[in-house]
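J.: Residues 0 to 309 (numbering that gives the first Met the number 0) make up the sequence shown, in order.
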Amino acid sequence: MEKVLKTFLFDVTEEPKSIYPFSPVYKVEQGGESYIVKNTVSPIEEAMKVANFVGRLHKLGVPIVAPVPMSVDNPQQVDETVWVVYPFIKGQSYTGKDEEIYEAGKLLGRIHSLSSKNNEEGLDIYDEFDLEEEEIMEDLEKIIGYAEKREISLDEGHLSEQMLRIIEQQEALKALELPSVATPYDYKADNLIYNDYAKPYLIDPDNAVFLPRIYDLALALLLFHNVLATAPDRIFDIKQWSLFKKGYFQFVEITDIERTHWQDVVKHVFLDEAIWLMADFEEGWDDQRQVNFFNSLLSLVNDMEFYDLK
Numbered sequence: 000m001e002k003v004l005k006t007f008l009f010d011v012t013e014e015p016k017s018i019y020p021f022s023p024v025y026k027v028e029q030g031g032e033s034y035i036v037k038n039t040v041s042p043i044e045e046a047m048k049v050a051n052f053v054g055r056l057h058k059l060g061v062p063i064v065a066p067v068p069m070s071v072d073n074p075q076q077v078d079e080t081v082w083v084v085y086p087f088i089k090g091q092s093y094t095g096k097d098e099e100i101y102e103a104g105k106l107l108g109r110i111h112s113l114s115s116k117n118n119e120e121g122l123d124i125y126d127e128f129d130l131e132e133e134e135i136m137e138d139l140e141k142i143i144g145y146a147e148k149r150e151i152s153l154d155e156g157h158l159s160e161q162m163l164r165i166i167e168q169q170e171a172l173k174a175l176e177l178p179s180v181a182t183p184y185d186y187k188a189d190n191l192i193y194n195d196y197a198k199p200y201l202i203d204p205d206n207a208v209f210l211p212r213i214y215d216l217a218l219a220l221l222l223f224h225n226v227l228a229t230a231p232d233r234i235f236d237i238k239q240w241s242l243f244k245k246g247y248f249q250f251v252e253i254t255d256i257e258r259t260h261w262q263d264v265v266k267h268v269f270l271d272e273a274i275w276l277m278a279d280f281e282e283g284w285d286d287q288r289q290v291n292f293f294n295s296l297l298s299l300v301n302d303m304e305f306y307d308l309k
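1) So what does DSSP say about residue 190, is it helix, strand or coil?
2) Looking at the structure shown, is residue 210 part of a helix, part of a strand, or coil, going by DSSP?
3) Are the C-beta atoms of residue 54 and some chain D residue less than 9 Å apart?
4) Whose C-beta lies closer than 7 Å to the C-beta of residue 281 among residues of the same chain, with five residues either side of it excluded?
5) Please name the residue or residues paired with residue 84 in a DSSP beta bridge.
6) Within 10 angstroms of its Cβ, does residue 37 collect 16 or more other Cβ (buried), or is it exposed?
7) Could you compute how far the alpha carbon of residue 301 sits from the alpha carbon of residue 140?
8) Are residue 230 and residue 101 close, meaning C-beta to C-beta below 9 Å?
9) Which residue from 173, 47, 34 puts its Cα closest to that of residue 350?
10) Please return the same chain residues whose Cβ sits closer than 7 Å to the Cβ of residue 112, not counting the five positions on each side in sequence.
11) Using DSSP's beta-bridge definition, name the partner residues of residue 199.
12) Looking at residue 277: is its Cβ nearer than 9 Å to the Cβ of residue 299?
13) Quick check: what's the CA-CA separation for residue 8 versus residue 220?
14) Pick out whichever of 106, 87, 260, 42 has its Cα sitting closest to the Cα of residue 78.
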């Protein structure tokens, strides 16, 4: 890590420790200011596209981190990894208050309304429509095994049936012409910091991608409360989802085709993002908070009646 910090001209006397358990994220102090040094996308050409995207939003007044102007390149590649320096944003973690949820919806809506609709930044294009039945079933077997080991009951037959149906409709979903946007993606509570007025600031935009905007909404519905200890131990309840939508709809008008295919999109994103999370995060099954969250995810896939886009 010392080499990385020297590359960015930070004068650090002792090796910093990562402040995030799931990836290397370092807080560094210099000149009376605090900074975050973290991995971003590779190769450097892709990192520059993300930097340009978030820089444009930042200049438009969106509360989102952008690479700090420095006397050296930022981001830049060090050996095989690309690193970026962002400002450290002070504030509080999300706690599930109504106002926090509403404001989070507003921020996502604002980002979607201001982002390019033609991918002018050249971000990666979402193309996760080749999910393999064998791979998904292997993940499902892992999940069922974790649950059985901890005496948690799952309806294995119904789950398998649901997964197979989602796999079968991938090509049909891919063929849809849905309104698309450049977006940070991975829009969830642990990537937001709130000020004293419940206004959020997005602190991790490094998964930026160009995709149909309702896929971004679907991911927020599914994983907004994932992992963060101060968040509720379940997906949005119906009232919370209504608040999030209300904020989002301040800036975005959903189309009929998006409403028609919404449930199928949510289930597809569940297959793409949530199944592997439950399969690859075995330690999560030893944490009651995370088990409760997993159970609420599975319940949503079984019954989405009140989780609409109206």
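Just so you know, even glycine gets a beta-carbon here, dropped at the ideal spot from N, CA and C.
As the structure is a computational prediction, the values presented were derived from the model and not from experiment.
T.: Reading it off the structure:
1) helix
2) strand
3) Structure shown: chain D not included; a single protein chain is present.
4) 145
5) Residue pairing by DSSP places residue 84 opposite 36 in a beta bridge.
6) buried
7) 18 Å
8) no
9) Residue coverage of the chain in this structure runs from 0 to 309, which leaves residue 350 outside it and unanswerable.
10) 250, 251
11) 193
12) no
13) 40 Å
14) 42
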